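Peer 1: Pasting in a structure now, in structure tokens, and then I'll have a few things to ask.
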Amino acid sequence: MYYPSDNTTTRRLYRFPGGLHLPDNKAQSTGAACRKALLPERLILPLQQHIGAPAKVLVERGERVLKGQLIALQQGRISAPVHAPSSGTVIDISEQPVPHPSGLPALCITIETDGLEQWQELPQPLGDYRNHDPAEIVARIRDAGIVGLGGASFPTGVKLEPGAGQPVTTLIINGAECEPYITCDDMLMREQAPRVIAGVAILKWLSGARECLIGIEDNKPQAIAAMQQALEQHRIDGCEVVSIPTRYPSGGERQLIRVLTGKEVPSGQIPARIGILCNNVGTAAAVADAVLEGKPLISRYLTVTGEGCANPCNLEVLIGTPVGELIAQAGGYTDKASRLIMGGPMMGFTLEHDRVPAIKASNCLLVASTREAPDPGRASACIRCGQCALACPVSLLPQQMYWYARAKDLEKTQEYNLFDCIECGCCSHVCPAHIPLVQYFRYAKNESWDQERERKKSELARQRHEAKSARIERMEAEKKARMQKKKAALAKRPALKKGTSTQGDPKKAAIEEAMKRAAEKKARLAEEGVAPKNTDNLNAAQQRQIDQADARRGEPGVQGASEPTTSGKD
Numbered sequence: 010m011y012y013p014s015d016n017t018t019t020r021r022l023y024r025f026p027g028g029l030h031l032p033d034n035k036a037q038s039t040g041a042a043c044r045k046a047l048l049p050e051r052l053i054l055p056l057q058q059h060i061g062a063p064a065k066v067l068v069e070r071g072e073r074v075l076k077g078q079l080i081a082l083q084q085g086r087i088s089a090p091v092h093a094p095s096s097g098t099v100i101d102i103s104e105q106p107v108p109h110p111s112g113l114p115a116l117c118i119t120i121e122t123d124g125l126e127q128w129q130e131l132p133q134p135l136g137d138y139r140n141h142d143p144a145e146i147v148a149r150i151r152d153a154g155i156v157g158l159g160g161a162s163f164p165t166g167v168k169l170e171p172g173a174g175q176p177v178t179t180l181i182i183n184g185a186e187c188e189p190y191i192t193c194d195d196m197l198m199r200e201q202a203p204r205v206i207a208g209v210a211i212l213k214w215l216s217g218a219r220e221c222l223i224g225i226e227d228n229k230p231q232a233i234a235a236m237q238q239a240l241e242q243h244r245i246d247g248c249e250v251v252s253i254p255t256r257y258p259s260g261g262e263r264q265l266i267r268v269l270t271g272k273e274v275p276s277g278q279i280p281a282r283i284g285i286l287c288n289n290v291g292t293a294a295a296v297a298d299a300v301l302e303g304k305p306l307i308s309r310y311l312t313v314t315g316e317g318c319a320n321p322c323n324l325e326v327l328i329g330t331p332v333g334e335l336i337a338q339a340g341g342y343t344d345k346a347s348r349l350i351m352g353g354p355m356m357g358f359t360l361e362h363d364r365v366p367a368i369k370a371s372n373c374l375l376v377a378s379t380r381e382a383p384d385p386g387r388a389s390a391c392i393r394c395g396q397c398a399l400a401c402p403v404s405l406l407p408q409q410m411y412w413y414a415r416a417k418d419l420e421k422t423q424e425y426n427l428f429d430c431i432e433c434g435c436c437s438h439v440c441p442a443h444i445p446l447v448q449y450f451r452y453a454k455n456e457s458w459d460q461e462r463e464r465k466k467s468e469l470a471r472q473r474h475e476a477k478s479a480r481i482e483r484m485e486a487e488k489k490a491r492m493q494k495k496k497a498a499l500a501k502r503p504a505l506k507k508g509t510s511t512q513g514d515p516k517k518a519a520i521e522e523a524m525k526r527a528a529e530k531k532a533r534l535a536e537e538g539v540a541p542k543n544t545d546n547l548n549a550a551q552q553r554q555i556d557q558a559d560a561r562r563g564e565p566g567v568q569g570a571s572e573p574t575t576s577g578k579d
């Protein structure tokens, strides 16, 4: 199926399965221009604001930092650095509350701002980026800490690396912003269209795509007009703005690809596998800042809205600004405020308090009333009506996944393509039994990831144990072989017995020969009646004494000197 399109293009549009038509509730936050949020006294910067490994701290408590300074370095290939959004002093590096569905704290760097907004020296702007090596530009984007600003927060530099799939043929820029209440991308395109288009041009050049499609829902006519005007001025070959029908969740990556190209991303694969690269309009603007001005990602547009907020608006906020201060700048809480949600009503999550910071992934603060976010009440039993399957934009079977997730049969849940679920919330929204299906699926995913981590850990331990055992066995075998070799050598050379020839051993033969001569001499002297004399190793004086004694013995009468003498008298 395809949509007829009344915009200026004649491009054929396709339809994804399921989806919902929801009240958009966007007008209340688009009545005034976006304004810069006030500088907070403190900025709280989590080290993990992205998919992948957390960044590594480079600063210490008490250290003064400048605006734009690198304060945490990316670790590993899939990671992103963190920069100081303002000048000031690092006053703490510890675990702090962060915006996350788990509600768990994370390691953060806290900066006390000094109000000077003193920039550090930035990298040289690359206005002539086409004259540089693309790898240099990708490195600039990576070092600027840019991640996907549409919600996924995947490091943009990794997306742009060659070799992720087949060559990119189509670049898709996501300006759909399909979730109700959220308008930060809409206002960015209205007010900063040339900046967005400049980033689009850089992304198209880096990716090598032949065509570029900027998809925007048709409930944003001002944004569409602004982007078309900026595109006409910039003149990017093969690039067009495409108005698409408003239907949730058309802003999902796979759904937007389906609408614009008719292609399906295979299960378990990424768009690069079919030659498509997707980026958000906010990401494109951040790329332009990094390449053309040398600025890192330290701020973003954010929507503050809901009946619980006095003056819904859009703010350009510094990353790390506490949520409570942003709500105060939007007029503060009203009596209707009952629930604080980070994100939209469909995919957002509840915040327990407003002392958490806005991070790179933060696009909306919804201060909802009981009418906007009613208590779903107690869930009842599934009646197998199938409404969840009809609403699913990924053609999954949520009711089957629910049963297996509830039974903790994770293997069976994965057989029903659990990890293809985009957690859009359509199934939970239409469920007449008020079953929190998405929460079950998140639980199953987290448990599966934990099991996989444990499996890898056990496998690594097994490999280490086997390697150690093999090493010990090898050493024992080598020792045994050496002993056997030595034993065999000794067996070939038996011990000498009396009268055994020693021709094989010159040293022993010489000793035996000397002993034989000594024995023969001793025997000869014994026959002659001469007592052997130990005259070896004598000095000259000793030898003279012996010679004199021998001479006296040779004189007449000397031989009897030792016998008793008589006087000759009777």
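Each residue of the sequence shown is one higher than the last, beginning at 10 in the working numbering.
We treat Cβ as the ideally placed atom computed from N, Cα and C, and that holds for glycine.
Note that the coordinates shown come from a computational prediction; the quantities given were computed from them, not determined experimentally.
Is R553 helix, strand or coil when you go by DSSP?
Peer 2: Counting from one through the sequence shown, the residue named residue 553 turns up at place 544. Helix.
Peer 1: Taking the alpha helix (DSSP H) that R526 falls in, what are its first and last residues?
Peer 2: Taking the sequence shown and counting its residues from 1, the one referred to as residue 526 is at position 517. That run of the alpha helix (DSSP H) goes P515 to E537.
Peer 1: Can you tell me the Cα-Cα spacing of G317 and L399, whole angstroms?
Peer 2: The residue labelled residue 317 in the question sits at position 308 within the sequence shown. The residue labelled residue 399 in the question sits at position 390 within the sequence shown. Rounded to the nearest angstrom, the two C-alpha atoms are 33 angstroms apart.
Peer 1: Leaving out the 5 sequence neighbours to the left and right, which residues in its chain are closer than 6 angstroms to V567 when beta-carbon positions are compared?
Peer 2: Indexing the sequence shown from 1 puts residue 567 at position 558. For V567, the pLDDT reaches just 47, beneath the cut-off of 50, and the residue's location in the model is therefore unreliable, although a value from the coordinates is still provided. Closer than 6 angstroms at the Cβ level, and outside the excluded window around V567, lie R561.
Peer 1: Can you name the start and end residues of the alpha helix (DSSP H) that P203 belongs to?
Peer 2: Within the sequence shown, residue 203 is the residue found at index 194, counting from 1. Looking at the DSSP string, the run of the alpha helix (DSSP H) that includes P203 is A202 to S216.
Peer 1: For A148, tell me which candidate among P134, V167 and G159 has the shortest Cα-Cα distance.
Peer 2: To locate residue 148, count along the sequence shown from 1; it is residue 139. When only C-alpha atoms are compared, the closest one is V167.
Peer 1: If you count every other CB in all the chains shown that lies within 10 Å of the CB of E226, and 16 or more means buried, which is it?
Peer 2: In the sequence shown, residue 226 corresponds to position 217, counting from 1. Classification of E226: buried, given that the 10 Å Cβ count is 16 or more.
Peer 1: The alpha helix (DSSP H) that contains E487, what's its start and end?
Peer 2: For the purposes of this step, residue 487 is taken as the residue at position 478 of the sequence shown. Looking at the DSSP string, the run of the alpha helix (DSSP H) that includes E487 is L446 to A500.
Peer 1: So the candidates are G333, Q129 and G260; which of them puts its Cα closest to the Cα of E50?
Peer 2: The residue labelled residue 50 in the question sits at position 41 within the sequence shown. Among G333, Q129 and G260, the Cα nearest to that of E50 belongs to G333.
Peer 1: Can you name the start and end residues of the alpha helix (DSSP H) that R634 belongs to?
Peer 2: Here the chain comprises residues numbered 10 to 579, so residue 634 is not present and cannot be evaluated.
Peer 1: Compute the beta-carbon to beta-carbon distance between P321 and A388, rounded to the nearest angstrom, for a pair I have assumed lies under 8 angstroms.
Peer 2: Position 312 of the sequence shown holds residue 321. Position 379 of the sequence shown holds residue 388. 31 angstroms between Cβ atoms; not a contact.
Peer 1: Can you give the Cα-Cα distance for Q237 and I245, rounded to whole angstroms?
Peer 2: As a working note, residue 237 is residue 228 in the sequence shown. As a working note, residue 245 is residue 236 in the sequence shown. In a straight line, the C-alpha of Q237 is about 11 angstroms away from that of I245.
Peer 1: Exposed or buried, what is R21 when buried is set at 16 or more other beta-carbons lying within 10 Å of its beta-carbon?
Peer 2: The residue labelled residue 21 in the question sits at position 12 within the sequence shown. Counting Cβ neighbours within 10 Å, R21 comes out exposed, since fewer than 16 surround it.
Peer 1: State buried or exposed for S95, treating a residue as buried only when at least 16 other CB atoms are found within 10 Å of its CB.
Peer 2: The sequence position of residue 95 within the sequence shown is 86, counting from 1. S95 comes out buried.
Peer 1: Return yes when at least one heavy atom of the ligand HEM lies under 6 angstroms from the C-beta of K477, else no.
Peer 2: Although the ligand HEM was asked about, the structure shown includes no ligands whatsoever.
Peer 1: Could you give the C-beta distance for T165 and E220, rounded to a whole number, given that I count them as a contact under 8 angstroms?
Peer 2: Against the sequence shown, residue 165 aligns to sequence position 156. Against the sequence shown, residue 220 aligns to sequence position 211. The Cβ separation is near 20 angstroms, so there is no contact.
Peer 1: Helix, strand or coil for K578? Go by DSSP, reduced to three states.
Peer 2: Locating residue 578 in the sequence shown gives position 569, counting from the first residue. Note that K578 scores 46 on pLDDT, short of 50, meaning its location in the model is unreliable; the coordinates nonetheless yield the value given after this. Here K578 sits in coil by DSSP.
Peer 1: In whole angstroms, give me the CA-to-CA distance for L158 and A476.
Peer 2: For the purposes of this step, residue 158 is taken as the residue at position 149 of the sequence shown. For the purposes of this step, residue 476 is taken as the residue at position 467 of the sequence shown. Going by the C-alpha atoms only, they are around 45 angstroms apart.
Peer 1: Leaving out five residues on either side along the sequence, give the residues of the same chain with a beta carbon under 7 angstroms from the beta carbon of R199.
Peer 2: For this step, residue 199 is matched to residue 190 along the sequence shown. Hits under 7 angstroms: Q231, A232 and A235.
Peer 1: Taking the beta strand (DSSP E) that G166 falls in, what are its first and last residues?
Peer 2: By one-based count along the sequence shown, residue 166 stands at place 157. Looking at the DSSP string, G166 is not in any beta strand (DSSP E); the run it does join, the alpha helix (DSSP H), is T165 to K168.
Peer 1: So, N183 versus N289, is the Cβ gap smaller than 7 angstroms?
Peer 2: One-based indexing of the sequence shown puts residue 183 at position 174. One-based indexing of the sequence shown puts residue 289 at position 280. Their beta carbons are under 7 angstroms apart, which means N183 touches N289 by this criterion.
Peer 1: The alpha helix (DSSP H) spanning S389 covers which residue range?
Peer 2: Here residue 389 is taken as the residue at index 380 of the sequence shown, counted from 1. S389 -> no alpha helix (DSSP H), and no H or E assigned at all.
Peer 1: At the level of alpha carbons, what is the spacing between G303 and Q133?
Peer 2: Here residue 303 corresponds to residue number 294 of the sequence shown, with the count starting at 1. Here residue 133 corresponds to residue number 124 of the sequence shown, with the count starting at 1. Distance between the alpha carbons of G303 and Q133: 6 angstroms.
Peer 1: On the DSSP letters alone, give me the boundaries of the beta strand (DSSP E) that G341 sits inside.
Peer 2: Locating residue 341 in the sequence shown gives position 332, where the first residue counts as 1. Taken as a continuous stretch (DSSP letters only), G341 belongs to no beta strand (DSSP E), as it is neither H nor E.
Peer 1: Evaluate the contact criterion for the stretch 289 to 300 versus the stretch 342 to 350: three or more CB pairs, one atom per stretch, below 8 angstroms.
Peer 2: Segments in contact, no.
Peer 1: Would you call the CB atoms of L419 and A453 closer than 7 angstroms?
Peer 2: In the sequence shown, the residue the question calls residue 419 occupies position 410. In the sequence shown, the residue the question calls residue 453 occupies position 444. Contact flag set, yes.
Peer 1: Given a cut-off of 7 angstroms on the beta-carbon distance, is the pair A185 and G160 in contact?
Peer 2: One-based indexing of the sequence shown puts residue 185 at position 176. One-based indexing of the sequence shown puts residue 160 at position 151. Not closer than 7 angstroms, so no.
Peer 1: Is the number of C-beta pairs between the stretch 363 to 371 and the stretch 326 to 343 that are closer than 8 angstroms three or more?
Peer 2: The answer is yes - the stretch 326 to 343 touches the stretch 363 to 371, with three or more Cβ pairs under 8 angstroms.
Peer 1: Can you check which of these residues, A297, G124 and I481, is closest to Y138 by C-alpha distance?
Peer 2: Taking the sequence shown and counting its residues from 1, the one referred to as residue 138 is at position 129. Of A297, G124 and I481, the residue nearest in Cα terms is A297.
Peer 1: List the endpoints of the continuous alpha helix (DSSP H) containing R263.
Peer 2: As a position in the sequence shown, residue 263 is number 254, starting the count at 1. Element bounds for R263: E262 to T270.
Peer 1: According to the neighbour-count rule (16 or more other Cβ atoms, all chains shown, within 10 Å of its Cβ), is T312 buried or exposed?
Peer 2: Locating residue 312 in the sequence shown gives position 303, where the first residue counts as 1. Buried is the call here.
Peer 1: So, at 6 angstroms on beta carbons, what are the nonlocal neighbours of P110 in its own chain, with the 5 sequence-adjacent residues on each side left out?
Peer 2: Your numbering for residue 110 matches position 101 in the sequence shown. Excluding positions up to five away in sequence, the list reads F358.
Peer 1: Which class does G77 belong to by DSSP, given the choice of helix, strand or coil?
Peer 2: Mapped onto the sequence shown, residue 77 falls at position 68. Looking at G77 - three-state DSSP - the assignment turns out to be coil, as it is neither helix nor strand.
Peer 1: R5 to E468, Cα distance in whole Å?
Peer 2: Here the chain has residues from 10 to 579 only, and residue 5 is not among them.
Peer 1: On the three-state DSSP scale, how would you describe T98?
Peer 2: Translated into positions along the sequence shown, residue 98 becomes position 89. T98: strand per DSSP, three-state reduction.
Peer 1: Could you check the C-alpha separation between D559 and A523 for me, to the nearest Å?
Peer 2: For the purposes of this step, residue 559 is taken as residue 550 along the sequence shown, with counting starting at 1. For the purposes of this step, residue 523 is taken as residue 514 along the sequence shown, with counting starting at 1. One C-alpha to the other measures close to 27 angstroms.
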